[in-house]
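Residue numbers (my numbering), protein chains in the order written: chain A, 923 to 1422; chain B, 45 to 225; chain C, 126 to 226.
Don't be surprised by glycine CBs; every beta carbon is placed ideally from N, CA and C.
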Amino acid sequence: MLPDLAGLRGGAAILPELVLTGTVFAVLVLDLALRRSARRGRVLLLVTCLGLAAAATAIAGVSAGAQPLFYGMLVADGFALFVKGVVIAAAVVGAILAALSPEIRRDQLGEYLILLVCLTLGMCLLAGARNLLMLYLALELVSLPSYILAGFRHGDRRSSEAALKYVVFGAAASGLMLFGFSLLYGLAGTLDLPGIGAAVVARGLQGGLDAQLLVVVAVLLSLAGFAYKVAAVPFHMWCPDVYEGAPTPFVAFLSVAPKAAGFAALLRFFLSGFGAPLGFPAPGEFPWPFVLGVLAMATMTVGNLAAITQDNVKRLLAYSSIAHAGYLLMAVAVGSPLAIRGVLLYLPIYLLMNMGAFLVVMAVHDATGSETVDGFRGLGARAPYLAVVMAVFLFSLTGIPPLAGFIGKFFLFAAALQTKSMFFYAVAVVGVVNSVISLYYYARIVRACFLEKPADAQAPVRVGSPAAALLGALAVPTLVLGIWWGPLLGVVEKALLLPR
Amino acid sequence: MIPEPVRALLFYLCAGLALAGGCWVAFARNIVHSAFALLATFAGVAGLYAFLSADFLAVVQLMIYVGGVLVLILFALMLTSRIEEARVSNPTIGLVPGAVVLIAVSALLVYACVKEFGGTTDLPPGEPTTAGIGDALLSRYVLPFEVISVLLLAVLLGAVTIAGGRLRKPAPGGKPGKERP
Amino acid sequence: MEVGLTHYLLLAAAVFLVGMVGFIVRRNTLIMLMCVELMLSAANLVFVAFSRELGDEAGHVFVLMNFAVAAAEVAIGLAILMEIFRRRRSVDADDLNTLME
């Protein structure tokens, strides 16, 4: 008997994923074919970037729609397509960073790029997954290459240790998530997120603690996997160690793209799967907004307080990225259309400023061999361009008004205040206090750049022209979006117009 | 048809094997004992799959876990430390917080499971499942099936890359292709 | 003495908890990986039990996929472990403190 093939229709909607898979094979074959060629690195980078650009073009060509694809495994709505665009942009920057960095051995660039594209494919699938099995596999397709790439600095003990910690704790987090998924499957009798959502909502209407207890346990367990991926408390412990030990070009990518895809999956898990909670739940409903709000407060506070005492800039930025996960988690907790708009707007802005900051860290490390705040002393005199763009990125991360980071944070906080609930007022106040704290440690780096003399007479820090151009390409939008955010907001609203 | 008391006895045998093996894995002081106890757990779980008439999964569990994963772990064990060293580097610490977590979470989970599914005791009769899984993999679950092939490709490449760092000079007659010249 | 779904769920919960506690308590990376395997086995058992209860093959497919993923995870973990052990003679998590400050 032939199986029913009707569900295979809509293959055109996964064209971006197919292009990415094709890129994987193209790079794999070229990597082997050009083993002896001197220009191998350049060719591989070019092919990878072309493949990613083709995937981005394919995204533009996909007609967004909310209908399920492939027997309900995926959906290609505007929300998913927007997130895919963000992660592919991050992958392009990540590929160029890897090619520029001396931390990735030339003869291993091919493997690095292949794993990077596999990871990007996983994130694209994660953004559109509407089935627990697909969600789990996409998450693992993001995780497993990440473990390998974190250990890519060969011969460096810190890198291997970072990778080992990442894989051991990551495996435990996915174990917790899987147990949660198995309970959800039993409760709902299906793996489809909307089906599970309907079952959970029906159970919530029954009322009573007993009917809700197992759902709460299952969802909290499932949350562990997402929290690990976006580095939210209490699953953030790996983050500083991995950021410090892993190669910097990979950290720049890791801090942005998997986080974006993780938040996309988390939003879909809670909103499409569990019915949209708006504001604080009525009695008898599940307390997801409360749980996520508390997690958000804990995440931003832990991240910001721990960042204050850090001397290693990569560790400092790791804690800062934990704090940013907290701000985003606040918007997920709110879950209103305004909050989803805020998250989507924040992701590309966060990409610009965070990858930019890591690019500067990489340039300073390559020139001086230092990853500490002290290494930035006197950077204003030694490399004025680097120091100025670093200041732009850091002040944008703080959320200071004429920069893009302010706009991003503004929409997140506006979403929290719009709920008009005391609880979210409190979360927003904690967020604002945290932003003020974050100014202290971001400004410490800027002060080291401009107000402190270098410890010894150091040569000027040179930046290659590709790195300088890339920095400009990240810094200019960070400046412009702070004043003229209309077009980006337009794209986001267009993406959200379609029913999810 | 196997009579009911024998079935129950077999179930408790498999369950006991799995659970006792699990405890031994987690709390044995000797790491080699842990690895072999894992074998007992996997075998017990495979037996339970067979009990749930998941015949295909039971066989695959034995092949992949016992034949693959466990052998891999044993190799790592033999290569990383001698047995005596393993004993020293393997202390059980933090037993009190561990016990507290165990009691708290297990109470919650057991209560929830019994409350939720306490009424259902009888399972529907089992059917062979292999054909159903095959159909599902090629129709409804064809996309996950393809995704996992990409996943395995990435992992294969990654594992070779991690190991390849030290294989600068491949031994003659070794695996061709990935070693660096 | 009918064996039903509840029995399987309780057993899975017990195995899961043993694995989780082992993961928290033990410091040897290999044992921690083995404890993760216990947690995954427990989840698989729940999937198969519910699959039988519901008469639905989705749980079986999930478990089959999970076999592959778990094996891949172990392969990567052990490859990294061996890489580290080449330089140092211990696989204790507390010894992984080059990164601590």
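task = Pull up the distance between the alpha-carbon of tyrosine 1364 of chain A and that of proline 1211 of chain A, whole angstroms please.
result = Residue 1364 of chain A sits at position 442 when you count from the first residue of the first sequence. Residue 1211 of chain A sits at position 289 when you count from the first residue of the first sequence. Each residue's alpha carbon lies about 30 angstroms from the other.
task = Please list the partners that valine 173 of chain C has in chain B, where partner means a Cβ-to-Cβ separation under 7 angstroms.
result = Taking the first residue of the third sequence as position 1, residue 173 of chain C is located at position 48. Correct list: Tyr93, Leu96, Ala98, Leu101.
request  = Apply the 10 Å Cβ neighbour rule to glutamate 162 of chain C and answer buried if 16 or more other Cβ atoms are within range, or exposed otherwise.
outcome  = The residue given as residue 162 of chain C occupies position 37 in the third sequence. Buried, by the Cβ-count rule.
Buried versus exposed, by CB contacts within 10 Å (16 or more), tryptophan 1407 of chain A = Along the first sequence, read from residue 1 onward, the residue named residue 1407 of chain A stands at position 485. Buried: at least 16 other Cβ atoms inside 10 Å.
ask   = Once you ignore the five residues that flank phenylalanine 86 of chain B on each side, which residues in its own chain have a CB closer than 7 angstroms to its CB?
value = The residue you call residue 86 of chain B lines up with position 42 of the second sequence. Closer than 7 angstroms at the Cβ level, and outside the excluded window around phenylalanine 86 of chain B, lie Gln105, Tyr109, Val110, Leu114.
ask   = Can a CB atom of chain B be found closer than 8 angstroms to the CB of phenylalanine 1317 of chain A?
value = Locating residue 1317 of chain A in the first sequence gives position 395, counting from the first residue. Interface residue (Cβ-Cβ distance to chain B less than 8 angstroms): phenylalanine 1317 of chain A is not classified as such.
key: Through-space distance from glycine 983 of chain A to alanine 196 of chain C, alpha-carbon basis   = Against the third sequence, residue 196 of chain C aligns to sequence position 71. Against the first sequence, residue 983 of chain A aligns to sequence position 61. When the Cα atoms are used, alanine 196 of chain C and glycine 983 of chain A turn out to be separated by approximately 37 angstroms.
request  = Ignore the nearest five residues each way along the sequence and tell me which others in valine 143 of chain C's own chain have a CB closer than 7 angstroms to its CB.
outcome  = Numbered from 1 along the third sequence, position 18 holds the residue referred to as residue 143 of chain C. Result list for valine 143 of chain C: Leu163, in chain order.
key: chain C contacts made by the segment 67-93 of chain B, where a contact means CB separation under 8 angstroms   = Cys67, Val69, Ala70, Phe71, Ile75, Ser78, Ala79, Leu82, Thr85, Phe86, Val89, Leu92, Tyr93
key: Pair within 8 angstroms by beta-carbon distance, glycine 1147 of chain A and alanine 1095 of chain A   = Residue numbering aside, residue 1147 of chain A sits at position 225 when the first sequence is read from its first letter. Residue numbering aside, residue 1095 of chain A sits at position 173 when the first sequence is read from its first letter. Yes, Cβ-Cβ distance for glycine 1147 of chain A and alanine 1095 of chain A is below 8 angstroms.
message = Strictly below 7 angstroms CB to CB, what residues from chain B border alanine 204 of chain C?
response = As a working note, residue 204 of chain C is residue 79 in the third sequence. Ala203, Ile206, Ala207, listed in chain order.
ask   = Taking the Cβ atom as the reference point for each residue, do valine 1283 of chain A and glutamate 1293 of chain A lie within a distance shorter than 8 angstroms?
value = Within the first sequence, the letter at position 361 stands for residue 1283 of chain A. Within the first sequence, the letter at position 371 stands for residue 1293 of chain A. Taking 8 angstroms as the Cβ cut-off, valine 1283 of chain A and glutamate 1293 of chain A qualify as a contacting pair.
request  = Examine chain C for any beta-carbon lying closer than 8 angstroms to the beta-carbon of isoleucine 1070 of chain A, and answer yes or no.
outcome  = As a first step, residue 1070 of chain A must be located in the first sequence, where it is residue number 148. By this cut-off, isoleucine 1070 of chain A is an interface position.
task = Determine which residues share a DSSP beta bridge with alanine 1051 of chain A and list them.
result = The residue labelled residue 1051 of chain A in the question sits at position 129 within the first sequence. Alanine 1051 of chain A is bridged to A:Leu996.
ask   = Can you tell me the Cα-Cα spacing of alanine 90 of chain B and glutamate 171 of chain B, whole angstroms?
value = Here residue 90 of chain B refers to the residue found at position 46 of the second sequence. Here residue 171 of chain B refers to the residue found at position 127 of the second sequence. Between alanine 90 of chain B and glutamate 171 of chain B, the C-alpha separation is close to 17 angstroms.
inquiry  = I need the boundaries of the alpha helix (DSSP H) containing proline 1259 of chain A, first residue and last residue.
reply    = Here residue 1259 of chain A is taken as the residue at index 337 of the first sequence, counted from 1. Taken as a continuous stretch (DSSP letters only), the alpha helix (DSSP H) holding proline 1259 of chain A covers 1259-1290.
query = Taking the alpha-carbon positions, what's the alanine 1261 of chain A to phenylalanine 1345 of chain A distance?
reply = Taking the first residue of the first sequence as position 1, residue 1261 of chain A is located at position 339. Taking the first residue of the first sequence as position 1, residue 1345 of chain A is located at position 423. Roughly 16 angstroms between the two C-alpha positions.
query = What is the rounded straight-line gap between the Cα of serine 985 of chain A and the Cα of alanine 1002 of chain A?
reply = To locate residue 985 of chain A, count along the first sequence from 1; it is residue 63. To locate residue 1002 of chain A, count along the first sequence from 1; it is residue 80. Distance between the alpha carbons of serine 985 of chain A and alanine 1002 of chain A is about 12 angstroms.
task = Could you please give me the residues that DSSP links to leucine 991 of chain A through a beta bridge?
result = Here the question's residue 991 of chain A lines up with position 69 in the first sequence. In the DSSP output, where bridge partners are listed per residue, leucine 991 of chain A has A:Leu996.
request  = Go to serine 1081 of chain A, then tell me how far its alpha helix (DSSP H) extends in each direction, as first and last residue.
outcome  = Working through the first sequence from its first residue, we reach residue 1081 of chain A at position 159. Run containing serine 1081 of chain A: 1079-1110, per the alpha helix (DSSP H) assignment.
message = For tryptophan 1406 of chain A, report the span of its alpha helix (DSSP H) as first-last.
response = Sequence index remark: in the first sequence, residue 1406 of chain A carries index 484 (1-based). Here tryptophan 1406 of chain A belongs to no alpha helix (DSSP H), and DSSP marks it neither H nor E.
ask   = When the Cα of alanine 1186 of chain A is compared with those of A:Ala935, A:Val1355, A:Leu1217, A:Tyr1268, which residue comes out closest?
value = Your numbering for residue 1186 of chain A matches position 264 in the first sequence. Of A:Ala935, A:Val1355, A:Leu1217, A:Tyr1268, the residue nearest in Cα terms is A:Tyr1268.
query = alanine 200 of chain C and alanine 207 of chain B look like a contact to me (Cβ under 8 angstroms); what is the Cβ gap, rounded to whole Å?
reply = Here residue 200 of chain C is taken as the residue at index 75 of the third sequence, counted from 1. Here residue 207 of chain B is taken as the residue at index 163 of the second sequence, counted from 1. In fact, because the Cβ distance is near 10 angstroms, the residues do not count as touching under 8 angstroms.
8 angstroms Cβ cutoff, valine 941 of chain A in contact with chain B = Mapped onto the first sequence, residue 941 of chain A falls at position 19. Valine 941 of chain A does not count as touching chain B.
query = According to DSSP, is arginine 1299 of chain A helix, strand or coil?
reply = Within the first sequence, residue 1299 of chain A is the residue found at index 377, counting from 1. The answer is coil: DSSP assigns arginine 1299 of chain A none of H, G, I, E or B.
query = Leaving out the 5 sequence neighbours to the left and right, which residues in its chain are closer than 7 angstroms to alanine 81 of chain B when beta-carbon positions are compared?
reply = As a first step, residue 81 of chain B must be located in the second sequence, where it is residue number 37. If we look at alanine 81 of chain B and ignore the five residues flanking it on each side, its Cβ neighbours are Gly65, Trp68, Val69, Ala72.
query = Would you say alanine 139 of chain C faces chain B, with C-beta separation under 8 angstroms as the test?
reply = Position 14 of the third sequence, counted from the start, is the residue given in the question as residue 139 of chain C. Judged by the 8 angstroms Cβ criterion, alanine 139 of chain C is in contact with chain B.
message = Using the three-state DSSP reduction, which class does asparagine 153 of chain C fall into: helix, strand or coil?
response = Residue mapping note: residue 153 of chain C aligns to position 28 of the third sequence, counting from 1. Correct three-state label for asparagine 153 of chain C: strand.
inquiry  = Within 8 angstroms of any Cβ in chain B, is that where the Cβ of cysteine 971 of chain A sits?
reply    = Taking the first residue of the first sequence as 1, we reach residue 971 of chain A at position 49. Nearest CB-CB separation between cysteine 971 of chain A and chain B: not below the 8 angstroms threshold.
ask   = Would threonine 1221 of chain A be called buried (16 or more neighbouring beta carbons within 10 Å of its own) or exposed?
value = As a working mapping, residue 1221 of chain A is identified with position 299 in the first sequence. Classification for threonine 1221 of chain A: buried.
message = Under DSSP, the alpha helix (DSSP H) around glutamine 1030 of chain A begins and ends at which residues?
response = Numbered from its first residue, the first sequence carries residue 1030 of chain A at position 108. Note, glutamine 1030 of chain A: premise wrong, no alpha helix (DSSP H); not H, not E.
ask   = Counting pairs of beta carbons, one from the segment 1149-1167 of chain A and one from the segment 1080-1096 of chain A, are three or more of them closer than 8 angstroms?
value = yes
message = List, in chain order, every chain C residue whose beta-carbon is nearer than 8 angstroms to that of leucine 121 of chain B.
response = In the second sequence, residue 121 of chain B corresponds to position 77, counting from 1. In chain order: Leu155.
request  = Indicate the three-state DSSP secondary structure (helix, strand or coil) for lysine 222 of chain B in the structure shown.
outcome  = Within the second sequence, residue 222 of chain B is the residue found at index 178, counting from 1. The predicted position of lysine 222 of chain B is uncertain, since its pLDDT is 38 and thus under 50; a value taken from the coordinates is nonetheless stated next. Residue state, collapsed to three classes: coil.
ask   = Looking at tyrosine 185 of chain B and leucine 1055 of chain A, is the spacing between their C-beta atoms short of 8 angstroms?
value = Position 133 of the first sequence, counting from 1, holds the residue named residue 1055 of chain A. Position 141 of the second sequence, counting from 1, holds the residue named residue 185 of chain B. Closer than 8 angstroms, so yes.
Chain-ordered chain C contacts of glutamate 1062 of chain A [CB-CB under 7 angstroms] = Along the first sequence, read from residue 1 onward, the residue named residue 1062 of chain A stands at position 140. Near glutamate 1062 of chain A (Cβ distances below 7 angstroms), the residues of chain C are Val194.
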